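Undergrad:
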Amino acid sequence: MSDGSPILRVREVSKSFGAVAAVRDVSFDLYGGEAHALVGENGAGKSTIVNMLAGVHRPDAGTIELDGRPQDLTTPADAKAAGIAVIYQEPTLFPDLSVAENIAMGRQPLGRFKTIDRAAMVRQAAQLFTRLGVSIDPNRPARGLSIADQQLVEIAKALSADARVVVMDEPTAALTGVEVERLFAVARSLRDDGAAVMFISHRFEEVTALCQRVTIMRDGRHVSTDLLSDLTVDGMVRKMVGRDLGALFPKQDVEPGAVAVSVRNLTRDPVYADVSFEVRAGEIVALAGLVGSGRSEVVQSIFGVDPRDSGTVEVGGKILPPGSPKRAMAAGVALVPEDRRQQGLVMELSIERNVTLPRSRSLSQLGFLTGSRERRSAKEWADRLKTKYGRLSDEVGTLSGGNQQKVVLAKWLATKPKVLIVDEPTRGIDVGTKAEVHRLMSSLAADGVAVLMVSSELPEVLGMADRVLVMREGRLVAELSRAEATEEAVMFAATGQEAAL
Amino acid sequence: MTAVELPAPRRSSLDAVLRARELGIVIALALLVAVTATSNSRFLSGQSIRDILLNTAILAVLAVGQAVVVITRNIDLSVGSVLGLSAFTVGTLLQGNNLPVVLALLVGAGVGVVCGGLNGVLVRYGNVPALVVTLGTLYVVRGVTYFWAGGSQINADELPSGFLDFGNATAIGIPYLVLLAVLVLVVTGVVLRNYRMGRELYAMGSSPHAARLAGIPAGRRTVGAFVVSGGLAGLAGVLFAARFGTIDAAAGTGYELNVVAAVVVGGVAVFGGSGTVWGAALGALLLTTIGSALAVLEINQFWQQAIVGALILLAIGADRLVAARVAASLKKRSSHVR
């Protein structure tokens, strides 16, 4: 365990991206010889902290101190020089170079005339692997290494740089059980050699297995830092989500009608497998789970943008062919995608053109789009959604995030869908607009539209949904009724802690 | 840490593939020479070989510079125009002046370095793809040369004889131009293979994101790669002037495509990160030899373009195939690792 003063102190750091404060006044200490967990929901600001330690982002305020000296980490090279090594979930290796070169990059042993001493480089890599107890050929190119092996190469890189602070950002997300064990053995030996290990994970059993101390973040703020021995898993979950669910969510009670969409055994290796559920008319069903659990991929496959290996999607009694958004639209399915800038809108086109895009055929006369018809229809929908805009002919890119989202909604609502799929409908928009979007979804459901909502925001899930489906690692692991769905229950299911239910 | 028995450093499969890749060009070259020589023995005459080597020297110098840029996942299309500007600059300078050859080489390279620096800065700080930037400078530099030259042409009789001698003279039977090209090739090859700076170029091309996180000064290196390519194009311009003696504003028009073709045929991956300047130089030799062979075999010159095109497709196809097989074998190998 730790003794003495911390190696690394994070002092009241803040970081904003545009108007969004990602991290506010967060402080914690990392001690040598100790593994420190950083946990929090999606969007709690963990990645921003990692990026600040890595020198990718610079804090707007606050300092990062190493051995009591404030550090100005403005580039990844600074962080590296300061002895901070970051291991990302997706390792960042050079696929064309050999493993030994990847490890030694920027620090290659030099021989005569400052040329690289390749033999020494390979020897060093082999020694590092022996110390880590793994067998990877230092001469092979990094291309083709499994994710687990790539992470071990990253760790070897950290060792070769004598890194004193090793940050691991969700390293286990893509690993199998055996690989996790091997990674942990290595992490423990790093820790026992005196390094400060920071470990980020959504899996509590891993946190408890590896770490001594845990810092919990929520909504960009520091909630607590405790010794793990003082905290139960239940306590951690409560601190992670601990929010009041106000009466913010205007969910109207609707008697569900006939099955509007029915999904059977949808599988796409390796993203998701065997996903089956149905949504009835008038029902709002939330698809919850952690980022990367396969939710967005499932809904995109239902709409036909993404391929699938097997399984069927039935809308209104008719089976939809895979890979055809056109047929899905004809059957009355609309998808409001997660990334509105990339997938939902054509940023350079005008508001009216964006709103009428999916209906350009039905709005056109003799194959020509006439301005007046387009404008009338666009105005009607933009006004109905209380969109704030200058002129309808303005570029959509000039609107605020919330109003952009309304344009996306208008675009799809105007097609009069029977099934509305929304992926993260309120990401990055302000509270007021959020409430409007929620009210809209609720009234749509009351009109008999079947709504399928993917959301990472638990309050939204709990507040809006009649039923909550929880996905974990590509599988549907729980179905909770409105009564059963609590923040804890959803979180436990999403992180694989059924035992505590 | 415990002392361990270390396996003797083995040749990696990547090395083997690369060597095989260059071996492929050598075999193609040997076949081509054999077939052409049996059809017309003059193809192996001293003069014919000399011509091929001299033409290769110019293309190879350009290809070496291009390879450096392509390895960083960029491309430099302006090399033909830079060659033209450099050739015309040096020619104008030497008109009636008997300056030493070394100075001519330095001036030419200097012109190229300025152009390359401009490319690099635009790519780096303008954040514009190199394809677009260098397409722009291709026209700009060519336009400047035309504007400057007007319709004028510099003829061999206006150039000092010392300079023209440099284009034709030999040392131990090998033309100076070829020796210079080999020197460029060896120096660049050693820097790319054995110096940190060189390895960082490969790293940047292999994964720009990882390079940034690894703290590689990618901006400086990008500018540096373009400066090398520009400088070598400028040097090639001097070689061009010395070899042909006649220079007008159109000198080197269309060279950029030959250069890119040589680099690609030579096994430098267009997406960066792999390939060697040796391969690029071999590619230049192969393309030049094809040109000469077709003339000797009395095949229509227009076929040459089709053949070069087919060769590029073949080279890329072979690379994809090899890459897929290597990837498959590496996957299999890694699954045996505990």
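Sequence order for the protein chains is A and B. For the first sequence, position 315 (counting from the first letter as 1) is numbered 315 according to the numbering used here, and the numbering increases by one without interruption. When you read off a place in the second sequence, starting at 1, and then add 1000, the result is the number in the numbering used here. Beta carbons: idealized from backbone N, C-alpha and C, even for Gly. It should be emphasised that the depicted structure is a prediction, and the values quoted were computed from it without experimental measurement.
1. Does any residue of chain B have a CB that is nearer than 8 Å to the CB of Pro185 (chain A)?
2. Looking only at C-alpha atoms, which of B:Ile1172, B:Val1090 and B:Gly1266 sits nearest to Thr1145 (chain B)?
3. Tell me which same chain residues have a C-beta within less than 7 Å of the C-beta of Gly1272 (chain B), skipping the five on either side of it?
4. According to DSSP, simplified to helix, strand and coil, what is Thr387 (chain A)?
5. Using a Cβ cut-off of 8 Å (strictly closer), state whether Ile1312 (chain B) contacts chain A.
6. Spell out the partners DSSP gives Leu480 (chain A) in its beta bridges.
7. Touch check for the stretch 1073-1088 of chain B and the stretch 1290-1298 of chain B: three-plus C-beta pairs under 8 Å?
8. Taking the alpha-carbon of Pro1100 (chain B) as reference, which of B:Phe1166, B:Ile1049, B:Ser1274 and B:Arg1124 has the nearest alpha-carbon?
9. Report yes or no: do the stretch 297-313 of chain A and the stretch 267-283 of chain A share at least 3 C-beta pairs separated by less than 8 Å?
10. Specify, as a first and last residue, the run of the beta strand (DSSP E) that Arg69 (chain A) falls within.
11. Confirm, please, whether the CB-CB distance from Thr74 (chain A) to Asp55 (chain A) is below 8 Å.
12. Taking contact to mean at least 3 C-beta pairs separated by less than 8 Å, is the stretch 1221-1238 of chain B in contact with the stretch 137-155 of chain A?
13. Quick one, which of A:Lys388, A:Gly401, A:Lys434 and A:Leu444 has its alpha-carbon nearest Trp412 (chain A)'s?
14. Taking the alpha carbon of Ala1281 (chain B) as the reference point, which residue from B:Ala1261, B:Ser1039, B:Ala1034 and B:Asp1051 has its own alpha carbon closest?
15. Taking the alpha-carbon positions, what's the Met1197 (chain B) to Ala1225 (chain B) distance?
16. Closest to Arg11 (chain A) by CA distance: which of A:Gly40, A:Asp67, A:Asn139 and A:Glu205 is it?
17. Count the CB pairs spanning the stretch 196-211 of chain A and the stretch 450-464 of chain A that are closer than 8 Å, and state whether there are at least three.
18. Taking only the alpha-carbon atoms, compute the straight-line gap between Ala61 (chain A) and Lys15 (chain A) and give it to the nearest angstrom.
19. Looking at C-alpha atoms only, which residue of B:Thr1222, B:Gly1024, B:Ile1025 and B:Asp1051 is the closest neighbour of Val1296 (chain B)?
20. Beta-carbon separation of Pro109 (chain A) and Ala126 (chain A) under 8 Å?
21. Could you tell me whether any Cβ in chain A is nearer than 8 Å to the Cβ of Ser1161 (chain B)?
22. Would you verify that the beta carbon of Gly45 (chain A) is, or is not, closer than 8 Å to some beta carbon of chain B?
23. Under the three-state reduction of DSSP, which class applies to Phe1163 (chain B): helix, strand or coil?
24. Would you please verify whether the beta carbon of Arg1199 (chain B) is less than 8 Å from any beta carbon of chain A?
25. Could you run through the stretch 59-85 of chain A and flag, in chain order, every residue whose CB is less than 9 Å away from some CB of chain B?
26. List, in order along the chain, the chain A residues whose C-beta lies closer than 9 Å to that of Arg1142 (chain B)?
27. Verify the CB distance criterion: does Glu101 (chain A) have a CB-CB separation below 8 Å to chain E?
28. Which residue wins for smallest C-alpha separation from Ile200 (chain A), given the options A:Thr172, A:Thr267 and A:Asp193?
29. Could you pull out every unbroken beta strand (DSSP E) segment of at least 3 residues lying fully inside the stretch 128-181 of chain A, listed in chain order?
30. Give the DSSP-derived three-state secondary structure of Pro459 (chain A) in the structure shown.
31. Please report how far the alpha carbon of Gly40 (chain A) lies from the alpha carbon of Ile49 (chain A), in whole angstroms.
32. Considering Met1204 (chain B), what are the terminal residues of the beta strand (DSSP E) in which it resides?
33. Please list the partners that Ser1206 (chain B) has in chain A, where partner means a Cβ-to-Cβ separation under 8 Å.
34. How big is the Cα-Cα spacing for Phe492 (chain A) and Leu1135 (chain B)?
35. Please confirm whether Met329 (chain A) has its beta-carbon closer than 8 Å to some beta-carbon of chain B.
36. So, with DSSP's three-state summary, where would you put Ala1323 (chain B)?
TA: Here's the rundown:
1. Per the sequence presented here, residue 185 (chain A) reads as Ala, with Pro not at that position. So no, Ala185 (chain A) is outside the interface.
2. B:Val1090
3. Val1070, Ile1071, Thr1072, Arg1073, Gly1205 and Ser1206
4. coil
5. no
6. A:Val468
7. no
8. B:Phe1166
9. yes
10. Arg69 to Gln71
11. The sequence shown places Gly at residue 55 (chain A), rather than the Asp named in the question. Their beta carbons are under 8 Å apart, which means Gly55 (chain A) touches Thr74 (chain A) by this criterion.
12. no
13. A:Leu444
14. B:Ala1261
15. 10 Å
16. A:Asp67
17. no
18. 7 Å
19. B:Asp1051
20. no
21. no
22. no
23. helix
24. yes
25. Thr75, Pro76, Ala77, Asp78, Ala79, Lys80 and Ala81
26. Within 9 Å Cβ-Cβ: nothing; Arg1142 (chain B) doesn't reach chain A, min ~33 Å.
27. You won't find chain E in this structure, because its protein chains are A and B.
28. A:Thr172
29. 165-169
30. helix
31. 12 Å
32. Here Met1204 (chain B) belongs to no beta strand (DSSP E); instead the alpha helix (DSSP H) covers Arg1196 to Ser1206.
33. Phe94, Pro95, Asp96 and Leu97
34. 56 Å
35. no
36. helix
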